[in-house]
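Encoded as structure tokens, the structure appears first; notes follow it.
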Amino acid sequence: MDLALQESAKRIFPLCKSYLLINQFVESRSQFKCGLVNHAFAAALRALLLDHQAMVAQLEHQFRLGRLSIQGLWFYCQPMMGSMQALSIVIKKASAQNFVGSAVLNLLQSQAKVMAGNYSVRSLLEKMIESANSAYLGILERWVYEGVIDDPHDEFFIAEDKSLQKESLTQDYDAMYWRQRYSLKDDIPSFLANSAETILTTGKYLNVMRECGHSVQVPALENSKLMNFGSNDHYLECIKSAYDFASGELLNLMKDKYDLIGKLRSIKHYLLLDQGDFLVHFMDIARDELAKAPNEISVEKLQSLLDLALRSTAAAADPLHEDVTCSVDTCSLLKRLSTLKDLQTSEAVSQTDTFEESLSITGVETFSVNYKAQWPLSLVISKKALTKYQLIFRFLFHCKHVHRQLCAAWQVHQGARARDRHGTAISTSSILCRNMLKFINSLLHYLTFEVLEPNWHVMHNKLENAKSIDEVIQYHDFFMEKCLKECLLLSPVLLKVGIILYS
Numbered sequence: 001m002d003l004a005l006q007e008s009a010k011r012i013f014p015l016c017k018s019y020l021l022i023n024q025f026v027e028s029r030s031q032f033k034c035g036l037v038n039h040a041f042a043a044a045l046r047a048l049l050l051d052h053q054a055m056v057a058q059l060e061h062q063f064r065l066g067r068l069s070i071q072g073l074w075f076y077c078q079p080m081m082g083s084m085q086a087l088s089i090v091i092k093k094a095s096a097q098n099f100v101g102s103a104v105l106n107l108l109q110s111q112a113k114v115m116a117g118n119y120s121v122r123s124l125l126e127k128m129i130e131s132a133n134s135a136y137l138g139i140l141e142r143w144v145y146e147g148v149i150d151d152p153h154d155e156f157f158i159a160e161d162k163s164l165q166k167e168s169l170t171q172d173y174d175a176m177y178w179r180q181r182y183s184l185k186d187d188i189p190s191f192l193a194n195s196a197e198t199i200l201t202t203g204k205y206l207n208v209m210r211e212c213g214h215s216v217q218v219p220a221l222e223n224s225k226l227m228n229f230g231s232n233d234h235y236l237e238c239i240k241s242a243y244d245f246a247s248g249e250l251l252n253l254m255k256d257k258y259d260l261i262g263k264l265r266s267i268k269h270y271l272l273l274d275q276g277d278f279l280v281h282f283m284d285i286a287r288d289e290l291a292k293a294p295n296e297i298s299v300e301k302l303q304s305l306l307d308l309a310l311r312s313t314a315a316a317a318d319p320l321h322e323d324v325t326c327s328v329d330t331c332s333l334l335k336r337l338s339t340l341k342d343l344q345t346s347e348a349v350s351q352t353d354t355f356e357e358s359l360s361i362t363g364v365e366t367f368s369v370n371y372k373a374q375w376p377l378s379l380v381i382s383k384k385a386l387t388k389y390q391l392i393f394r395f396l397f398h399c400k401h402v403h404r405q406l407c408a409a410w411q412v413h414q415g416a417r418a419r420d421r422h423g424t425a426i427s428t429s430s431i432l433c434r435n436m437l438k439f440i441n442s443l444l445h446y447l448t449f450e451v452l453e454p455n456w457h458v459m460h461n462k463l464e465n466a467k468s469i470d471e472v473i474q475y476h477d478f479f480m481e482k483c484l485k486e487c488l489l490l491s492p493v494l495l496k497v498g499i500i501l502y503s
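Using the UniProt record's numbering, the letters of the sequence shown correspond one by one to residues 1 to 503.
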């Protein structure tokens with residue numbers, strides 16, 4: 001063959017190689033195990049190959065009529081060279097690293113950016129991206145509109161850990177359900193990278209409502225379909241709209257149907273002693289039982305006495321008082337603080353054991369109350385939050401007990417003075433008792449009126465204006481941490497000195 005014809009023919013050979021490579025990829029990626037994105041990509045490539053085969057048939061017809069030369073063949077094939085070579089580069093990388101799901105989408109996106117200067121090639125790659133995206137956006141639609149992961153090939157960028165159950169929120173202090181039941185993977189499609197957290201949160205909110213048996217009806221307008229993917233970022237507006245709906249719907253469900261604010265107010269009544277008249281009655285009738293060692297106390301008897309106190313006081317008018325139960329810890333308040341990893345300090349850990357040896361604890365130091373919080377309220381009123389409430393309750397309860405003991409001692413001193421006919425001298429113990437009573441009154445006033453009450457009102461106002469359940473959890477957690485800190489429960493040295501003084 002003439003050298004000029006040889007060179008012309010050689011220029012066409014890469015097109016043949018690219019065709020074979022693409023055809024092989026289509027056959028291999030059409031298998032079930034390759035995933036929906038690869039299936040959609042392979043289908044788009046198959047349609048491209050059919051167009052190529054139609055062109056070949058037309059060229060062969062021209063050849064049989066004697067109207068086709070090497071130069072003519074190159075003229076007709078040249079427009080497809082760039083597109084086929086660009087696709088072959090993508091296919092080589094995808095095959096070499098066995099890409100699936102979002103990895104394929106990211107590879108196509110990056111190749112389209114590289115070919116930004118070639119309009120025809122870029123247009124073809126964008127069509128391939130749109131076809132491959134359609135499968136992925138189908139999975140995404142079910143998540144942001146129903147809260148369901150329909151991902152048979154593990155391609156979606158959100159992972160589900162089915163071992164984490166919602167019941168753990170009320171049983172485990174370190175429950176990771178809300179943070180790790182659904183989580184982001186590393187392989188996020190580039191066009192969704194900035195919206196990944198919003199997408200994750202949207203599905204989580206919808207999933208919570210589904211778990212509650214609440215009918216989730218996301219407004220499904222034709223223009224809200226994510227399948228209508230385009231370069232105008234319309235899908236981002238759809239995702240934002242779905243998030244706003246899910247967030248508002250769940251928050252309204254929690255506030256209206258499950259009375260979240262009412263539950264928190266009830267916890268304030270019973271665990272933060274906002275309405276402590278029941279406690280005075282309980283301490284009177286349970287005095288003998290609370291004087292026993294923790295392992296000798298009958299929790300059932302304490303529970304019956306607590307129920308009696310609740311029914312005999314103003315708490316009886318509160319329908320939520322039935323959610324209050326009693327519990328007895330096995331260790332003192334200081335030691336319990338040292339065992340909680342997110343609250344402990346080196347001082348508390350190093351000094352608690354020595355202090356415990358010298359302190360004979362009773363039910364007064366270990367008694368607490370619990371509160372029943374069912375799903376979905378357990379997202380906010382979790383075991384961790386209730387434990388922190390109980391720490392504050394135990395401190396307040398101990399202070400109330402000390403206050404009662406000092407009042408009784410003061411009455412004894414006053415009775416002794418009344419019987420003393422030889423003079424009015426005030427004994428040293430009476431002065432000490434009066435000073436201690438003044439201090440404990442000041443401490444209780446500080447804890448209730450300067451720490452708990454103002455912080456509660458700040459949190460309440462924030463909860464009224466919260467836009468999502470995550471904001472509610474954040475404000476509630478901040479309230480608990482601030483109260484613990486300002487109640488000195490995160491200052492073990494000061495707390496230990498106070499307990500020693502009044503034990």
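Idealized CB from N, CA, C, for every residue including glycine.
Thinking just about the alpha-carbon of each residue, which of the options is nearest to the one in residue i?
i	options	result
Leu236	Phe13, Thr448 and Val144	Val144
Phe75	Met55, Lys93 and Leu65	Met55
Gln275	Leu302, His321, Gly248 and Cys77	His321
Ser378	His403, Leu169, Ser83 and Leu306	Leu169
Ala96	Phe25, Ala309 and Tyr258	Phe25
residue 519	Asp470, Leu48 and His153	Look at the range of the chain in this structure, 1 to 503, and you will see that residue 519 is not part of it.
Asn38	Asp307, Asp256 and Val104	Val104
Ala385	Gln171, Arg46, Ser163 and Gln165	Gln171
Asp323	Arg142, Leu308, Glu296 and Lys372	Lys372
Ala409	Phe397, Lys388, Arg434 and Lys400	Arg434
Gln390	Leu337, His52 and Leu444	Leu337
Glu27	Arg46, Lys10 and Leu36	Arg46
Tyr173	Pro79, Leu340, Asn207 and Lys166	Leu340
Gln6	Ile188, Phe63, Leu20 and Ser69	Ser69
Lys268	Ser88, Pro189 and Glu453	Glu453
Asp187	Met209, Asn207, Glu197 and Ile158	Ile158
Lys383	Phe32, Glu167, Thr198 and Asp2	Glu167
On the three-state DSSP scale, how would you describe residue i?
i	result
Phe278	helix
Ala47	helix
Ile139	helix
Cys326	strand
Thr352	Summary for Thr352: the model assigns pLDDT 49, below 50, so the residue's position carries little reliability; its value from the coordinates is reported in the next sentence. Thr352 falls in the helix class under three-state DSSP.
Gln31	coil
Pro152	coil
Val214	This sequence places His at residue 214; Val is not what is there. If DSSP states are grouped into helix, strand and coil, His214 belongs with coil.
Tyr258	coil
Gly101	coil
Leu3	helix
Ile297	coil
Asp470	helix
Ser69	coil
Trp375	coil
Ser168	helix
Tyr173	coil
Cys238	helix
What residues match up with residue i in a beta bridge as DSSP calls it?
i	result
Ile158	Leu184
Val369	Cys326
For residue i, collect the residues of the same chain with a Cβ closer than 7 angstroms to its Cβ; drop the 5 residues on either side in sequence, then sort them by chain order.
i	result
Gln85	Pro14 and Ser18
Glu222	For Glu222, the predicted structure reports a pLDDT of 49, less than 50, and the residue's modelled location is therefore unreliable. A value from the coordinates is still provided. So the list is empty, once near-sequence residues are dropped.
Val90	Leu107, Leu108 and Gln111
Cys487	Ile392, Phe395, Leu447 and Val451
Ala242	Val144, Tyr145, Thr202 and Val218
Arg142	Val148 and Asp150
Val380	Leu260, Val472, Ile473 and His476
Does the distance from the CB of residue i to the CB of residue j come in under 8 angstroms?
i	j	result
Cys212	Leu253	yes
Val328	Pro294	yes
Ala175	Ala40	no
Ser195	Ile149	no
Glu289	Gly363	yes
Ala44	Lys127	yes
Tyr177	Leu164	yes
Ala315	Phe282	no
Leu463	Tyr475	yes
Met480	Lys388	yes
Pro189	Ser102	yes
Leu432	Cys399	no
CB-CB under 6 angstroms to residue i, same chain, minus the five flanking residues each way: which ones, in chain order?
i	result
Cys77	Ile12 and Leu15
Glu365	Ser332
Tyr258	Leu377
Can you list, in chain order, the residues of its chain with a C-beta nearer than 8 angstroms to that of residue i? Leave out the 5 residues immediately preceding and following it.
i	result
Cys326	Val299, Leu302, Gln303, Leu306, Phe367, Ser368, Val369 and Asn370
Leu251	Ala466, Lys467, Ser468, Ile469 and Val472
Ile440	Cys399, Val402, His403, Leu406 and Tyr502
Verify the CB distance criterion: does residue i have a CB-CB separation below 8 angstroms to chain B?
i	result
Tyr19	No chain B is part of this structure, which consists of one protein chain only.
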